[in-house]
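Take 1 as the starting number for the sequence shown in UniProt numbering and just add one per residue. Glycine is no exception: its CB is placed at the ideal position from the N, C-alpha and C atoms.
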Amino acid sequence: MGNNKICVFLLTIIICCVPLLLNGQDFRAAYVDFMYVPEGMSSDYVTMEQEIAKPVHQELVNQGKMVSWSLWAIPFPGGTGAEYHYATVRIYENLDQIKSAGDFGDVFESVHQGENLDELSETIWKTRDLVKTHRLFSWERFADEELTSPAEMIQVVYFKVPMGKVEAYQNMERDLFHPMHKKEIEIGKRAGWEGWALNQPYGSSMPYSHVAVDLYEDMDQFVMDYDYDAMLEEVHPDKTGDYMTDVFLNTVDMVRIEQWHLVDFVQAEQ
């Protein structure tokens, strides 16, 4: 394929993708920054986020330029060999908010007016390395109505979905697994579920294309024991566990599962 055709192809993807999301009932974009924290610097890093970065994000939320910001600890695999140890997530609900992401520097100077900005910047950079930033778009979410703030614990499941199977993957989630997840919310086993599609960076070389996020109020809810087979029979009386597994494995490749623990957050008033 020639360079001109490649450019047209990529531009078509970008142009087509955004209107589809905007036409949805719940447009949400997530900017996820993955952080590597040097050995022994976790406490300093968290303090930096809470005392230097958090007030800036709070002001951006106050100005309507962001829906929320959250800080998450990712304990496993951990150690100096881990790719990252923490993640921050910024949520935007429209394109104007996304465009305002570049206002961070100006708001930073405003919030920390009168302080030594060079020293603050040095503190930011010495406590962590920004490994990568990914942008994802939400394609579906539902949660317990009583959940008004981020869940204390989430399970992040990374999927590789072939380009030709995106619709099949989403239909599989909606038809087979969403009824199960909603039943789990009903019985108190989980707090919610979110489905995200990776938008940037994009391409077949990426290790994942979609993320499913299981929301839990706390660790007790996550480890809560329940009869999965009985629930499956109630929700899908014509389906077996083997059938559910086979459909899943024939549709997606599960790349990795991570457990994230909430450290801090700011959000717009509900």
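Between which two residues does the beta strand (DSSP E) carrying residue i extend?
{"i": "Ser68", "result": "Ser68 to Ala73"}
{"i": "Gln155", "result": "Met153 to Lys160"}
{"i": "Ile91", "result": "Tyr86 to Tyr92"}
Name the two residues that bound the continuous alpha helix (DSSP H) containing residue i.
{"i": "Leu242", "result": "Note that residue 242 is Asp in the sequence shown, not Leu. Segment Gly241 to Leu249, the alpha helix (DSSP H) holding Asp242."}
{"i": "Gln113", "result": "No alpha helix (DSSP H) holds Gln113; DSSP gives it neither H nor E."}
{"i": "Met172", "result": "Val166 to Met172"}
{"i": "Asp96", "result": "Leu95 to Lys99"}
How is residue i classed by DSSP in three states: helix, strand or coil?
{"i": "Arg28", "result": "coil"}
{"i": "Leu147", "result": "coil"}
{"i": "Arg256", "result": "strand"}
{"i": "Arg128", "result": "coil"}
{"i": "Met224", "result": "coil"}
{"i": "Glu234", "result": "helix"}
{"i": "residue 343", "result": "There is no way to answer for residue 343, as the model of the chain reaches only from 1 to 270."}
{"i": "Glu140", "result": "strand"}
{"i": "Leu262", "result": "strand"}
{"i": "Gln63", "result": "coil"}
{"i": "Asn23", "result": "Low per-residue confidence applies at Asn23: pLDDT is 42, beneath 50, and the placement is therefore not dependable, though the value from the model is reported in the following sentence. In this structure, Asn23 counts as coil in the three-state DSSP scheme."}
{"i": "Glu109", "result": "helix"}
{"i": "Glu122", "result": "helix"}
{"i": "Gly2", "result": "Below a pLDDT of 50, predicted positions are generally treated as unreliable, and Gly2, at 47, falls in that range; no measurement from the model is reported."}
Let me check one thing: in DSSP terms, what residues is residue i bridge-paired to?
{"i": "Met35", "result": "Tyr86 and Leu130"}
{"i": "Tyr216", "result": "Met153"}
{"i": "Gln267", "result": "Ser68"}
Within the present structure, is the beta-carbon of residue i separated from the nearest heavy atom of the ligand ADP by less than 7 Å?
{"i": "Glu146", "result": "Questions concerning the ligand ADP fall outside what the structure shown contains, since it holds no ligand whatsoever."}
Would you say residue i lies against chain B (beta-carbon separation less than 8 Å)?
{"i": "Gln170", "result": "Considering every chain present, this structure includes no chain B. It has just one protein chain."}
Q.
Below 8 Å, how does it come out for the stretch 171 to 187 and the stretch 106 to 123: are there three or more Cβ pairs, yes or no?
A. no
(Q) Runs of 3 residues minimum, wholly inside the stretch 180 to 213: which ones carry the beta strand (DSSP E) assignment? (A) 192 to 200
Q) Are the stretch 157 to 173 and the stretch 239 to 255 in contact at 8 Å, needing three or more beta carbon pairs? A) yes
Q) Touching or not, the stretch 31 to 51 and the stretch 87 to 95, by the rule of three or more beta carbon pairs under 8 Å? A) yes
Q: For the stretch 237 to 245 and the stretch 114 to 129, state whether three or more C-beta atom pairs, one from each stretch, are separated by less than 8 Å.
A: no
(Q) Would the stretch 58 to 66 count as touching the stretch 33 to 45 if we require 3 or more Cβ pairs under 8 Å? (A) no
Q. Are three or more beta carbon pairs between the stretch 224 to 235 and the stretch 153 to 165 nearer than 8 Å?
A. no
Q.
When you compare the stretch 131 to 151 with the stretch 191 to 199, are there three or more beta-carbon pairs, one atom per stretch, that lie closer than 8 Å?
A. yes
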